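Protein chains in written order, with my numbering: chain G, 16 to 367; chain X, 16 to 367; chain L, 16 to 367; chain D, 16 to 367.
For glycine and all other residues, C-beta sits at the position ideal for the given N, C-alpha and C.
Bear in mind that the values here come from a model prediction, so they are computed numbers and not experimental data.
Number of protein chains: 4
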Amino acid sequence: MTPAIEVGVIGATGMVGQQFLRLLEGHPQFRPVWLAASERSEGRLYREAATWRLGGEPPSITEGARIEACTPGRGPRLVFSALDAAAADDLEPAFAAAGHLVVSNARSFRLMDDVPLLIPEINPDHLALIEVQRRARSWTGAIVTNPNCSTVVLAMALAPLRPFGIKAVLTTTLQAVSGAGYPGVPSFDIVGNVIPGIGGGEEEKIESEANKILGALADGRVTPHAAVVSAHTNRVPVIDGHTLTVSVSLDAATSVEEVVRAMRGWRGRPQELGLHSAPSAPLEVLDQPFRPQPRLDADRGRGMTVSIGRVRPCPVLGTKFVALGHNTVRGAAGAAILNAELMLAEGWLESR
Amino acid sequence: MTPAIEVGVIGATGMVGQQFLRLLEGHPQFRPVWLAASERSEGRLYREAATWRLGGEPPSITEGARIEACTPGRGPRLVFSALDAAAADDLEPAFAAAGHLVVSNARSFRLMDDVPLLIPEINPDHLALIEVQRRARSWTGAIVTNPNCSTVVLAMALAPLRPFGIKAVLTTTLQAVSGAGYPGVPSFDIVGNVIPGIGGGEEEKIESEANKILGALADGRVTPHAAVVSAHTNRVPVIDGHTLTVSVSLDAATSVEEVVRAMRGWRGRPQELGLHSAPSAPLEVLDQPFRPQPRLDADRGRGMTVSIGRVRPCPVLGTKFVALGHNTVRGAAGAAILNAELMLAEGWLESR
Amino acid sequence: MTPAIEVGVIGATGMVGQQFLRLLEGHPQFRPVWLAASERSEGRLYREAATWRLGGEPPSITEGARIEACTPGRGPRLVFSALDAAAADDLEPAFAAAGHLVVSNARSFRLMDDVPLLIPEINPDHLALIEVQRRARSWTGAIVTNPNCSTVVLAMALAPLRPFGIKAVLTTTLQAVSGAGYPGVPSFDIVGNVIPGIGGGEEEKIESEANKILGALADGRVTPHAAVVSAHTNRVPVIDGHTLTVSVSLDAATSVEEVVRAMRGWRGRPQELGLHSAPSAPLEVLDQPFRPQPRLDADRGRGMTVSIGRVRPCPVLGTKFVALGHNTVRGAAGAAILNAELMLAEGWLESR
Amino acid sequence: MTPAIEVGVIGATGMVGQQFLRLLEGHPQFRPVWLAASERSEGRLYREAATWRLGGEPPSITEGARIEACTPGRGPRLVFSALDAAAADDLEPAFAAAGHLVVSNARSFRLMDDVPLLIPEINPDHLALIEVQRRARSWTGAIVTNPNCSTVVLAMALAPLRPFGIKAVLTTTLQAVSGAGYPGVPSFDIVGNVIPGIGGGEEEKIESEANKILGALADGRVTPHAAVVSAHTNRVPVIDGHTLTVSVSLDAATSVEEVVRAMRGWRGRPQELGLHSAPSAPLEVLDQPFRPQPRLDADRGRGMTVSIGRVRPCPVLGTKFVALGHNTVRGAAGAAILNAELMLAEGWLESR
């Protein structure tokens, strides 16, 4: 059966664009029909213009496909954006103004007051910002974003702890090289090495985005969660999978068992609705020592599960653990697709 | 000129033993003359019994040398111990009882009340515990230890901050594979991967050893420093050099500039005495972003300098930075040799 | 539907054993019911005795399973052997004598005159050696082997070139660390490094096994192919996938196009019979430059396809190319399972 | 004592340029005084314009130095060229025409009939081509080149075998990422992976350059050696050090012992003249199995020694072995500096 809803991908030739196409292959609801990229590729065959970098064969949707210009107003109503921030700054609003629903992985609009920064398990209600956005900007379309690839892991690990009162969070990231895009990190810098610090304000993004996601929507405005967040970021020679060590201070004295129980029991709207890309449980708490590990665990739940391990008391902040997520699936293209699935289920894709 | 003082190395064939021999090659004061190892190697040529794993040629002292049995009472008065903890448990006290000065890298006795856990720049006065030890145990020799390879980096980074009052420390380590000895970590586990957690109580060692080192000696007893320390340990695919992200809470509001100034200005007894293995400054604070990195910075000061970078405010604990040290030099054999150099300079090697 | 044929795995806890269990999960014909290992694990729960090292969840067949002693005569008639050579030397003949069909990955009996060394696409007729073997050894069972993990890649790449007359072959291997088992290669030796030479007579194995596989069976005896083979082996820091550069001298002047056509058109009995583990084509010739690569291509055909690339003239031997195969699937457990599927299809699993 | 001869480096900010500066630090004869790079860096402080990528501190000569424009006629007579081929195509002849002695690592002119392609141990007499070059081109300066980083390893390993008659050579390279310059190979492509093929005609370069180097100069012209050479190139996740497996066919039946003896006994002009950068022996034959390895052996002879191992019979071509060299020292900047040292010793640096 042919999936009913036609979708486009803008920035379709880059790494995140390729992840979109790979994840949309065989999707039951979305059918990619429009692959757009920068003007200099327009009209070329996708398979000639783009080197497929993800292993195996390129998805069948790329066969014979030609690259379209990234022109607002053309292409399907629903477009996934794999643009980098520089391109997204101008193009995404233009697409939204032209009536497109832009489900974006770019960082450009994540922190705008009227743009949903969505993790469907955590803040599905923030989709209501679309109405605010449309009123404020006179758009018929909209922009919906997913968080930075490190933030998503942190926010999901923290979400079930909200009932205990999250006061402070200190995290150190060990980030995979695929998170830097392509060509990304030169191998001379990272083979047998570790690089402290990620460019582009990564630490600030983690520190601010997490609070917006965990925040409460009321009267058309998100009040950010009030946790103090501090991040140490690092690049490590890993292909896929961001590992975070996390120490967290909770309002109430909370035992390791309570934390584990809250994480294991946590479910959200995607699980309730049985969304196609939703893992059966958003978090998996591993009992084995020395886990989670990126090579062994990043693919859990087809890359949509965040794995937790080593939950134990932290002498300084109270509780500590390790969290791991697949940075180009749950942290990028998979996140956006889950966002679109939620939008579909909740009626946001219907004509205005 | 032949160095005057004959020394032995017990556990001379393993990785740390090899580091001892490499660092003692050409040492101006110590001349290794006695290479001891487990009984099953006794009498064999060193170069046949041990595969040299450190690159380049094995040091000249191994040429023609035969392995001796690890028998207390034989060999020189000063012995460096590269034994693993299981062997050290019994052998080191036996050597000390037989009159040897055992300068040990093993963890067995580090936390004993009457055993110096020494970083010559920080607590040279703790050597006075030797007297306590001798009285308590009726030894004519002694055991002097250096800290765990992660602790030494942390303790050195913290030492110049003592005047500001260190209340709490949260650290995440990214540890090199050489820290696990040989054969150590299987490559199947770590190539393109990260392993959270280090076995053998590594986190507890970091949390307790640092306070002992930073503690004050009075009346023959060390009162540990009272900082609360929490560690997240991880193994990364790096050969040499442990990287630590560190967040620290200080009593007084302290600016980044004050922290950097204190680190840069810090000198200790080894610098004062001009000890052979002492770097000109124990800490080097790098201004470049994305530094220190193990491959570029672990060898600073011939592996004896701890490099610091990215000093900046921490929203949660006040100050944060990255610290890096060479785990098999400053964190093992080089540490022990510097300990012996201090003992020599301060008169502890003279006959009883 | 429950698969009809019960099978056992001996050596079930090691790396190859785990690959067997992973690949048998959901197999349409074989149902693993008997997991045997060394005596000291007997009676223990599989999940407690063995650390699962292959990523994701251990297969359901391990749930609640207890480890059996490796006792000939017990367990199903068909057993897959993941034993190491030392254990296989004695145990495999004992199992065969006790009536078991031992489909083995061990090297112990590969070069015995009366033991099939099988690649089902190449020499399915060699299964007839089972009769010779039974007569010679008075066994009611049998031993059937698959080749070494490098040889299988080489032999498959060469098989379609037999019509051109293979005179000489020079290959250099770049072998993944999983080929060394577990714990295998110490990470200290291989991170950021390359090791020339693989222990255990790897080069000799490649040089002799390939000719046996490509040889012709007549009158109950295999006449080895007469190609002169020379191998340079190397270990590289790759998890899965052995890469081989191959230069080959053919009797007739043969163009690159003819070689590629022969490789692309090659099919064997497994494809004819539609065996479950058989890839649709045993070889895939990639047109892209810089391919095949282990990380991108080892999983083709669920690890059962050998990928070829860079076919071009060799100034010295005539033709050169790159070949890549998954060393623990097509080069170990997957190879043995395909062997058993062939045996089933050809009637060798029926009661004597 | 200040070294007497002032030198310049063009392309001083890139990876090879940095290697030049590192190796010239403390050089007894050459004093770098002129650091030139592309126009957009002109006038900037070297330390601000260039990120130092080689570990440790940048050499003292970069302190306070400003970048000069790459203008022929300015700067010292002797200039080392670290330009890439595109820039070298035009600039190097312009410098030579303006009277500079350009000692170049670029590939642009290596195969020109009148340009020396020099390995001082092998073909020091080829320097006489300078006269041919000057006559043909009416230059007062000259261009002298060193080979590609893989060729140099191969040619040095083969040089002592010339007396046995080298007929054919088949080599597979495992090349380090530093050979690709900076940013070079994206880490996403190479971490835990191997890439077959090196762009830029690497295999052809190896196949043709080796014969020119081993060729004989007579009547102002080099007759290339007549060996047939075939190369398989590969990139591996190693930082420094190219490993080559080599099979060679010699005219006469030659034993492994004869080959080893010839390699061990080989010396050239640099050893005779005691040139500063010359290793005591150009080749070192290691007896240990599993050697040479890049991480352990690339630095032998301060990166100027080529290490050989595993010399053994090759069933196909007669003799096989492994060769390893440091690709950015003996294969780039160190090679050029040794060339200049030879030119100095042989009188080529004196005024015309």
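- Task: Ignore the nearest five residues each way along the sequence and tell me which others in Phe35 of chain X's own chain have a CB closer than 8 Å to its CB.
- Result: If you number the second sequence from 1, residue 35 of chain X lands on position 20. Short of 8 Å from the beta carbon of Phe35 of chain X, and not among the five residues preceding or following it, lie these beta carbons of its own chain, in chain order: Val24, Ala27, Pro47, Phe95, Ala97, Ala348, Ala351, Ile352.
- Message: Quick check on the DSSP output: what are the complete alpha helix (DSSP H) runs of length 4 or more inside the segment 149-200 of chain G, in order along the chain?
- Response: Whole alpha helix (DSSP H) segments, 4+ residues: 166-173.
- Item | Val263 of chain G to Thr238 of chain X span [Cα, whole Å] | As a first step, residue 263 of chain G is located in the first sequence; it is residue number 248 there, counting from the start. As a first step, residue 238 of chain X is located in the second sequence; it is residue number 223 there, counting from the start. Rounded to whole angstroms, the gap between the alpha carbons of Val263 of chain G and Thr238 of chain X is 29 Å.
- Query: With DSSP run on the structure shown, which of helix, strand or coil describes Ala112 of chain D?
  - Reply: In the fourth sequence, the residue the question calls residue 112 of chain D occupies position 97. Annotated three-state conformation of Ala112 of chain D is helix, per DSSP.
- Query: Using the beta-carbon count (16 or more within 10 Å), is Pro304 of chain X buried or exposed?
  - Reply: Within the second sequence, residue 304 of chain X is the residue found at index 289, counting from 1. Exposed.
- Message: Can you find the residues in the same chain that come closer than 7 Å, C-beta to C-beta, to His341 of chain L, ignoring five residues on each side of it along the sequence?
- Response: The sequence position of residue 341 of chain L within the third sequence is 326, counting from 1. Within the same chain, His341 of chain L has close Cβ partners Asp255, Gly256, Ala313, Asp314, Gly318.
- Item | Pair within 9 Å by beta-carbon distance, Val321 of chain G and Glu299 of chain G | Working through the first sequence from its first residue, we reach residue 321 of chain G at position 306. Working through the first sequence from its first residue, we reach residue 299 of chain G at position 284. Yes, the pair counts as a contact, with Cβ atoms nearer than the cut-off.
- Message: According to DSSP, is Arg250 of chain D part of a helix, a strand, or is it coil?
- Response: For the purposes of this step, residue 250 of chain D is taken as residue 235 along the fourth sequence, with counting starting at 1. Here Arg250 of chain D sits in strand by DSSP.
- Task: Mind reading off the beta-carbon distance from Trp281 of chain L to Pro297 of chain L? Whole number of angstroms is fine, and I expect it under 8 Å.
- Result: On the third sequence, residue 281 of chain L is found 266 positions in, with the first residue counted as 1. On the third sequence, residue 297 of chain L is found 282 positions in, with the first residue counted as 1. Right, their Cβ atoms sit about 6 Å apart.
- Rounded separation between Val243 of chain X and Val331 of chain G - CA only: Indexing the second sequence from 1 puts residue 243 of chain X at position 228. Indexing the first sequence from 1 puts residue 331 of chain G at position 316. Their Cα atoms are separated by approximately 6 Å.
- Query: At a Cβ cut of 8 Å, what residues of the segment 158-191 of chain X count as close to chain G, listed as they run along the chain?
  - Reply: Legend: CB atoms of the segment 158-191 of chain X lying less than 8 Å from CB atoms of chain G belong to residues Ala183, Val184, Leu185, Thr187, Leu189.
- Residues in its own chain within less than 6 Å of Arg59 of chain X by CB, not counting five upstream and five downstream? Taking the first residue of the second sequence as position 1, residue 59 of chain X is located at position 44. Taking Arg59 of chain X as the centre and dropping the five residues before and after it, the same chain places the C-beta of Ile82 closer than 6 Å to its C-beta, in chain order.
- Item | Option nearest Pro87 of chain X by Cα separation, candidates X:Ala101, X:Pro73, X:Ala52 | Here residue 87 of chain X is taken as the residue at index 72 of the second sequence, counted from 1. Closest in C-alpha terms to Pro87 of chain X, from the list X:Ala101, X:Pro73, X:Ala52, comes X:Ala52.
- With 9 Å as the threshold, decide whether the Cβ of Leu311 of chain L is near any Cβ in chain D. Your numbering for residue 311 of chain L matches position 296 in the third sequence. Closer than 9 Å to some Cβ of chain D, the Cβ of Leu311 of chain L qualifies, so yes.
- Query: Using CA coordinates, which residue listed in X:Phe110, X:Glu136, X:Arg150 is at the minimum distance from Arg92 of chain X?
  - Reply: For this step, residue 92 of chain X is matched to residue 77 along the second sequence. For Arg92 of chain X, the closest C-alpha among the options X:Phe110, X:Glu136, X:Arg150 is that of X:Phe110.
- Which first and last residues belong to the beta strand (DSSP E) in which Arg236 of chain X is found? Taking the second sequence and counting its residues from 1, one reaches residue 236 of chain X at position 221. Following the DSSP letters along the chain, one finds Arg236 of chain X inside the beta strand (DSSP E) bounded by residues 236-238.
- Message: Quick check on the DSSP output: the beta strand (DSSP E) that includes Val261 of chain G runs from which residue to which?
- Response: Indexing the first sequence from 1 puts residue 261 of chain G at position 246. It spans 257-265 - the beta strand (DSSP E) in which Val261 of chain G sits, taken as one unbroken run.
- Item | Which residues DSSP lists as bridging Ile210 of chain D, in chain order | Here the question's residue 210 of chain D lines up with position 195 in the fourth sequence. Ile210 of chain D has D:Arg250 as its beta-bridge partners, per DSSP.
- With 16 other CB atoms within 10 Å as the buried threshold, where does Ala316 of chain D fall? As a first step, residue 316 of chain D is located in the fourth sequence; it is residue number 301 there, counting from the start. It is Gly, not Ala, that sits at residue 316 of chain D in the sequence shown. Under this definition Gly316 of chain D is a buried residue.
- Task: Go ahead and label Val271 of chain L buried or exposed: buried means 16 or more other beta carbons lie within 10 angstroms of its beta carbon, across all protein chains shown.
- Result: As a first step, residue 271 of chain L is located in the third sequence; it is residue number 256 there, counting from the start. By the 10 Å Cβ count, Val271 of chain L comes out exposed.
- Item | Contact set for Ala231 of chain G: own chain, Cβ-Cβ below 6 Å, skip 5 residues either direction | Within the first sequence, the letter at position 216 stands for residue 231 of chain G. Here the set comprises Thr238.
- Query: Closest to Ser295 of chain L by CA distance: which of L:Pro285, L:Leu301, L:Arg325 is it?
  - Reply: One-based indexing of the third sequence puts residue 295 of chain L at position 280. Ranking the options by Cα distance to Ser295 of chain L, first place goes to L:Pro285.
- Message: Assuming Ile134 of chain D is part of the beta strand (DSSP E), what are its boundary residues?
- Response: Mapped onto the fourth sequence, residue 134 of chain D falls at position 119. In the DSSP assignment, Ile134 of chain D falls outside any beta strand (DSSP E) and carries neither an H nor an E.
- Message: Within 10 Å of its beta-carbon, does Glu218 of chain L have 16 or more other beta-carbons around it, so buried, or fewer, so exposed?
- Response: Residue 218 of chain L sits at position 203 when you count from the first residue of the third sequence. Here Glu218 of chain L is buried: its Cβ has 16 or more other Cβ atoms, across all protein chains shown, within 10 Å.
- What do you get for Ser165 of chain G, buried or exposed, if any count of 16 or more other CB atoms within 10 angstroms of its CB means buried? Position 150 of the first sequence holds residue 165 of chain G. It is buried - the Cβ of Ser165 of chain G has at least 16 other Cβ atoms within 10 Å.
- Specify whether the segment 156-163 of chain D and the segment 218-229 of chain D touch according to this definition: at least 3 beta carbon pairs, one from each stretch, less than 8 Å apart. Cβ pair count under 8 Å is three or more, so yes.
- Task: Mind checking which residues open and close the alpha helix (DSSP H) that includes Ala277 of chain G?
- Result: Residue mapping note: residue 277 of chain G aligns to position 262 of the first sequence, counting from 1. Where Ala277 of chain G is concerned, the enclosing alpha helix (DSSP H) stretches over 271-280.
- Message: Tell me the residue span of the alpha helix (DSSP H) that contains Leu357 of chain G.
- Response: Working through the first sequence from its first residue, we reach residue 357 of chain G at position 342. Leu357 of chain G -> alpha helix (DSSP H) spans 349-360.
- Task: State the DSSP-derived secondary structure class of Thr77 of chain G, mapped to helix, strand or coil.
- Result: Looking up residue 77 of chain G in the first sequence gives position 62. In this structure, Thr77 of chain G counts as helix in the three-state DSSP scheme.
- Query: With respect to the beta strand (DSSP E) encompassing Val331 of chain G, which residues constitute its N-terminal and C-terminal limits?
  - Reply: Here residue 331 of chain G is taken as the residue at index 316 of the first sequence, counted from 1. For Val331 of chain G, there is no enclosing beta strand (DSSP E), as DSSP marks it with neither H nor E.
- Message: Just checking: is the beta-carbon of Val243 of chain D within a distance shorter than 9 Å of some beta-carbon in chain L?
- Response: If you number the fourth sequence from 1, residue 243 of chain D lands on position 228. Yes, contact with chain L.
- Item | Identified DSSP bridge partners for Pro47 of chain G | For the purposes of this step, residue 47 of chain G is taken as the residue at position 32 of the first sequence. For Pro47 of chain G, DSSP records a beta bridge to G:Val22.
- If we call anything under 9 Å between Cβ atoms a contact, is Pro309 of chain G one with Pro252 of chain X? Your numbering for residue 309 of chain G matches position 294 in the first sequence. Your numbering for residue 252 of chain X matches position 237 in the second sequence. Result no, Cβ atoms of Pro309 of chain G and Pro252 of chain X do not sit closer than 9 Å.
- Count the other CB atoms, across all protein chains shown, that sit within 10 Å of the CB of Thr260 of chain G; report buried if there are 16 or more and exposed otherwise. As a first step, residue 260 of chain G must be located in the first sequence, where it is residue number 245. Result: buried.
- Message: Check whether chain G comes within 9 Å of Ile254 of chain X, counting only Cβ atoms and requiring the distance to be less than that.
- Response: The residue you call residue 254 of chain X lines up with position 239 of the second sequence. Under the Cβ distance rule, Ile254 of chain X counts among the residues neighbouring chain G, one pair being separated by less than 9 Å.
- Query: Do you know offhand how far Val274 of chain G's Cα is from Phe179 of chain G's?
  - Reply: Along the first sequence, one-based indexing puts residue 274 of chain G at 259. Along the first sequence, one-based indexing puts residue 179 of chain G at 164. Taking the Cα positions, Val274 of chain G is about 9 Å away from Phe179 of chain G.
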